[in-house]
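2 protein chains.
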Amino acid sequence: MAPTIKDIANEAGVSISTVSLVLNQKGYVAPQTRSRIESVIQKLNYRPLHSARKLATQQTGNFGFIIWEGHFSEVELFYSQIFLGMEYAARHNDYYILLTTVREEFDPKTDLPRFLRYRDVDGVALAGRVPGALIDYLDNQHVPFVLVDYEVPGKNFNCIKIDNYNGAFQAVETLIKTGRKHIAFVGGSFFHPSVKERYRGYTEALDKHGLKHNRSEDYSYCENIETSRLIGEKGAMRLLENHPEIDAVFCCNDTTALGVISAVQRLKKRIPEDVAIFGFDDIPTAEFSSPKLSTIRVPKLEIGKEAYKLLYELIQNPRMAPQTRMIAVETILREST
Amino acid sequence: MAPTIKDIANEAGVSISTVSLVLNQKGYVAPQTRSRIESVIQKLNYRPLHSARKLATQQTGNFGFIIWEGHFSEVELFYSQIFLGMEYAARHNDYYILLTTVREEFDPKTDLPRFLRYRDVDGVALAGRVPGALIDYLDNQHVPFVLVDYEVPGKNFNCIKIDNYNGAFQAVETLIKTGRKHIAFVGGSFFHPSVKERYRGYTEALDKHGLKHNRSEDYSYCENIETSRLIGEKGAMRLLENHPEIDAVFCCNDTTALGVISAVQRLKKRIPEDVAIFGFDDIPTAEFSSPKLSTIRVPKLEIGKEAYKLLYELIQNPRMAPQTRMIAVETILREST
DNA sequence: AAAATATATTAAAACGGTTCGATAATTCAA
DNA sequence: TTGAATTATCGAACCGTTTTAATATATTTT
Numbered sequence: 000m001a002p003t004i005k006d007i008a009n010e011a012g013v014s015i016s017t018v019s020l021v022l023n024q025k026g027y028v029a030p031q032t033r034s035r036i037e038s039v040i041q042k043l044n045y046r047p048l049h050s051a052r053k054l055a056t057q058q059t060g061n062f063g064f065i066i067w068e069g070h071f072s073e074v075e076l077f078y079s080q081i082f083l084g085m086e087y088a089a090r091h092n093d094y095y096i097l098l099t100t101v102r103e104e105f106d107p108k109t110d111l112p113r114f115l116r117y118r119d120v121d122g123v124a125l126a127g128r129v130p131g132a133l134i135d136y137l138d139n140q141h142v143p144f145v146l147v148d149y150e151v152p153g154k155n156f157n158c159i160k161i162d163n164y165n166g167a168f169q170a171v172e173t174l175i176k177t178g179r180k181h182i183a184f185v186g187g188s189f190f191h192p193s194v195k196e197r198y199r200g201y202t203e204a205l206d207k208h209g210l211k212h213n214r215s216e217d218y219s220y221c222e223n224i225e226t227s228r229l230i231g232e233k234g235a236m237r238l239l240e241n242h243p244e245i246d247a248v249f250c251c252n253d254t255t256a257l258g259v260i261s262a263v264q265r266l267k268k269r270i271p272e273d274v275a276i277f278g279f280d281d282i283p284t285a286e287f288s289s290p291k292l293s294t295i296r297v298p299k300l301e302i303g304k305e306a307y308k309l310l311y312e313l314i315q316n317p318r319m320a321p322q323t324r325m326i327a328v329e330t331i332l333r334e335s336t
Numbered sequence: 000m001a002p003t004i005k006d007i008a009n010e011a012g013v014s015i016s017t018v019s020l021v022l023n024q025k026g027y028v029a030p031q032t033r034s035r036i037e038s039v040i041q042k043l044n045y046r047p048l049h050s051a052r053k054l055a056t057q058q059t060g061n062f063g064f065i066i067w068e069g070h071f072s073e074v075e076l077f078y079s080q081i082f083l084g085m086e087y088a089a090r091h092n093d094y095y096i097l098l099t100t101v102r103e104e105f106d107p108k109t110d111l112p113r114f115l116r117y118r119d120v121d122g123v124a125l126a127g128r129v130p131g132a133l134i135d136y137l138d139n140q141h142v143p144f145v146l147v148d149y150e151v152p153g154k155n156f157n158c159i160k161i162d163n164y165n166g167a168f169q170a171v172e173t174l175i176k177t178g179r180k181h182i183a184f185v186g187g188s189f190f191h192p193s194v195k196e197r198y199r200g201y202t203e204a205l206d207k208h209g210l211k212h213n214r215s216e217d218y219s220y221c222e223n224i225e226t227s228r229l230i231g232e233k234g235a236m237r238l239l240e241n242h243p244e245i246d247a248v249f250c251c252n253d254t255t256a257l258g259v260i261s262a263v264q265r266l267k268k269r270i271p272e273d274v275a276i277f278g279f280d281d282i283p284t285a286e287f288s289s290p291k292l293s294t295i296r297v298p299k300l301e302i303g304k305e306a307y308k309l310l311y312e313l314i315q316n317p318r319m320a321p322q323t324r325m326i327a328v329e330t331i332l333r334e335s336t
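Line by line, the protein sequences are chains A and B.
Numbering that gives the first Met the number 0 applies: residue 0 is where the first sequence begins, and numbers increase by one.
Numbering that gives the first Met the number 0 applies: residue 0 is where the second sequence begins, and numbers increase by one.
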């Protein structure tokens, strides 16, 4: 059997209280006692039992990570990477991250994730767009939570945001600086605040450089269909057929951009000579597409790490005022521009 | 505060033992007592506290899910889907799945996942190829584990296998039946038993139909480089340049096939008229590539579910003899053949 | 030198469940 | 009718920690 705190206490000739104190670095323990206990711990390879510790401290030691079922599969590895970032951060700490998905038609009565029903988490990270009913539930039940890459307009929740506006602005400005005059926008639905922000970055970059004529609705294509890739293909087809003068496309994410690439290639136009293409996210595939995709790198691991940190601080200090943390992005130039 | 078992007992006018009995459906409880207790539980929305229960039963209530760091990112959503399958199965039960990755250069001394170091799991699922040192560790420490989509030659471990041989055989036979005479093979390293099996299915299908001349080494390309996609591109390039007569390529997985597709398109050959392409796995992207990819569907969710079930049985009956469960695959015909 | 403070250790009471064994009431078999 | 078996309930021990408050000793301050 695995040794318990009692075994350590006996072996070291002290009470279990003292062992607990060195375990948690609390109170006063004489230096030589401490080191004696520590060496016994080493020797017996002792680890405190999670459930016992959690029972005593009245914490669960878990954070939840919730994502739309569709997102987890569709948006490639974007959210998986954010999850990994959280998991990495949690490794240096005493928390486990429980990943689960919720269905598109979410009803808190029946679809509440198990770890919420059983109160098995101390807090929750919500990745990407997430059912409003879920957010309301967490808010009402006072479960600490942070929104990751999402926000609720008009509400002041804890969130980790990506600097979508500046990323888009930089991307489009880069396109303009390389001489592109007719820059189109292709993306998903404006339901997602990130898309909105990226679109805003796009338009304001155009404005700054006096390319207002790009801003007609004709130059942008937004639709909410099954997959981002399909949006890219359909969008590129329609825009390029109606407007052969288009010489660059800024895409609202990389998956969409991959769709655009394949459509442009089918139309026998050269990339980047005839049409330059810019993505957003820097998913792993972006580096291996042909041509390799220029994009705005979103540091996904760092986002996860930041989400973890915020959640952790929230647990330590439950009355902390909600805050927003903005994660900077980086321009990555490859072959598609 | 959340109600405890004591609150339920008081409210129902019984002892906590009795409440515990109905909670766990054990022993004898009079029908009317049971229903009285149940309605109190309903009314107060009581849930037993995980850590308390786990402390008492001496179980952790967790299973681990371990995967190479690279795999989780590279092989698209294959393993994420298997994870999801496990998570779905666990939902109807009392287990949580803790997902973590291990580095390529794994050393049990320093890189042991936290939940193993702290003995926080009752069992572990290992997805795909996984460090031998990790398997040895689990075996020595008698941690129940199952290999998913992997096996160790010569060792009799619990595992969930995909029917790679028959899948490959079917795929190649399908190609042959549509008149293809020169069928190439492109894939990753033979380090992975699945690749070996798929190659065996490939060769035996050729043999059965008297296409032995395909079997020269010239018709297959295997390399272990960064990404499967790149393997596909390089492989297709080399094979098609040296052997213009090749009229079909069987790929060891879908990601590789996507690489092959883009190489073939770059060589200005038509798919499937000039070259038919067959994948393996049926990753989500397969349905949205152009042309859409014909492939062998591997039921990833089901694999996860089966892994969970096997692990669960293993916990119930620790002295169960190691067993292998084979998951059947399905041919999916789309546009690339 | 006495009082106050800091250091060191521990016994015992939680934390919220499960389970063993005792006890009592009821049903069954001989 | 009696003894055994079954049904029903509960007290108490236990699971492995943390934490509070008490006690003892050493050190500092007045």
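All C-beta atoms in this analysis are idealised placements derived from N, C-alpha and C, irrespective of residue type, glycine included.
Source: prediction; values computed, not measured.
Alpha carbons only, please: which of the options is nearest the one belonging to residue i?
i      : options                           : result
A:A124 : A:D206, A:I159 and A:C251         : A:I159
A:Y38  : A:T56, A:N61, A:G26 and A:G12     : One detail in the question is off: residue 38 of chain A reads as Ser in this sequence, not Tyr. Nearest C-alpha to A:S38: A:G12.
B:R179 : B:T255, B:I36 and B:G209          : B:G209
A:E86  : A:Y198, A:I302, A:V328 and A:M319 : A:I302
A:S215 : A:L238, A:H70 and A:K308          : A:L238
A:K267 : A:R324, A:N163, A:Q322 and A:M236 : A:M236
B:P298 : B:R333, B:P283 and B:L310         : B:P283
A:V194 : A:T177, A:A88 and A:N223          : A:N223
B:D106 : B:R90, B:N92 and B:I134           : B:I134
A:I161 : A:S188, A:G200, A:V142 and A:K154 : A:G200
A:D138 : A:I331, A:V328, A:N155 and A:G234 : A:N155
A:H181 : A:Q31, A:H91 and A:N213           : A:N213
B:Y78  : B:N44, B:G127, B:L111 and B:E286  : B:G127
B:Y198 : B:Q140, B:Y311, B:P152 and B:F249 : B:F249
A:N163 : A:F287, A:C251, A:I40 and A:K233  : A:C251
Can the beta-carbon of residue i be found closer than 8 Å to that of residue j?
i      : j      : result
B:D281 : B:R296 : yes
B:Q80  : B:D121 : no
B:Y94  : B:G63  : no
A:I260 : A:I270 : yes
B:V366 : B:I65  : The structure shown does not extend to residue 366 of chain B, since chain B is modelled only from 0 through 336, so no value can be given for it.
B:G186 : B:C221 : yes
B:T109 : B:F71  : no
A:D253 : A:T294 : yes
A:I4   : A:V21  : no
A:R324 : A:E305 : yes
Contact defined as beta carbons within less than 8 Å: I believe residue i pairs with residue j. What is the distance between those atoms, to the nearest angstrom?
i      : j      : result
B:S219 : B:F184 : 4 Å
A:A1   : B:R118 : 6 Å
B:A275 : B:S335 : 7 Å
A:Y307 : A:A8   : Their Cβ separation, rounded to whole angstroms, is 34 Å, which puts A:Y307 and A:A8 out of contact at 8 Å.
A:G278 : A:L300 : Their Cβ separation, rounded to whole angstroms, is 19 Å, which puts A:G278 and A:L300 out of contact at 8 Å.
B:E68  : B:R102 : 5 Å
Following the continuous alpha helix (DSSP H) through residue i, name the residue where it begins and the one where it ends.
i      : result
B:G353 : The requested residue 353 of chain B is not part of the displayed model; chain B covers only 0 to 336.
A:S261 : D253 to R265
B:I302 : K299 to Q315
A:V352 : Absent from the model: residue 352 of chain A. The displayed extent of chain A is 0 to 336, so no value can be given.
B:I81  : F77 to R90
B:V145 : Per DSSP, B:V145 belongs to no alpha helix (DSSP H); it is in the beta strand (DSSP E), F144 to V147.
B:F114 : R113 to R116
A:V248 : First-last for A:V248: A247 to C250, but that is the beta strand (DSSP E), not the alpha helix (DSSP H).
B:F168 : N163 to K176
Could you please give the first and the last residue of the uninterrupted beta strand (DSSP E) stretch that includes residue i?
i      : result
B:E203 : No beta strand (DSSP E) contains B:E203, which is instead part of the alpha helix (DSSP H) from P192 to K207.
B:I96  : Y95 to V101
A:M325 : T323 to I326
B:L125 : G122 to A126
A:E329 : E329 to I331
B:N213 : Counting along the chain, B:N213 falls outside any beta strand (DSSP E), and DSSP gives it neither H nor E.
A:N61  : N61 to W67
A:F184 : I182 to G186
B:I295 : T294 to R296
A:F285 : Checking the sequence shown, residue 285 of chain A turns out to be Ala, not Phe. No beta strand (DSSP E) contains A:A285, which DSSP labels as neither H nor E.
Any contact of the stretch 169-177 of chain B with the stretch 194-204 of chain B, i.e. 3+ C-beta pairs under 8 Å?
Segments in contact, yes.
Is the stretch 20-37 of chain B touching the stretch 319-331 of chain A in the sense that three or more CB pairs, one from each, lie closer than 8 Å?
Result no; under three Cβ-Cβ pairs closer than 8 Å.
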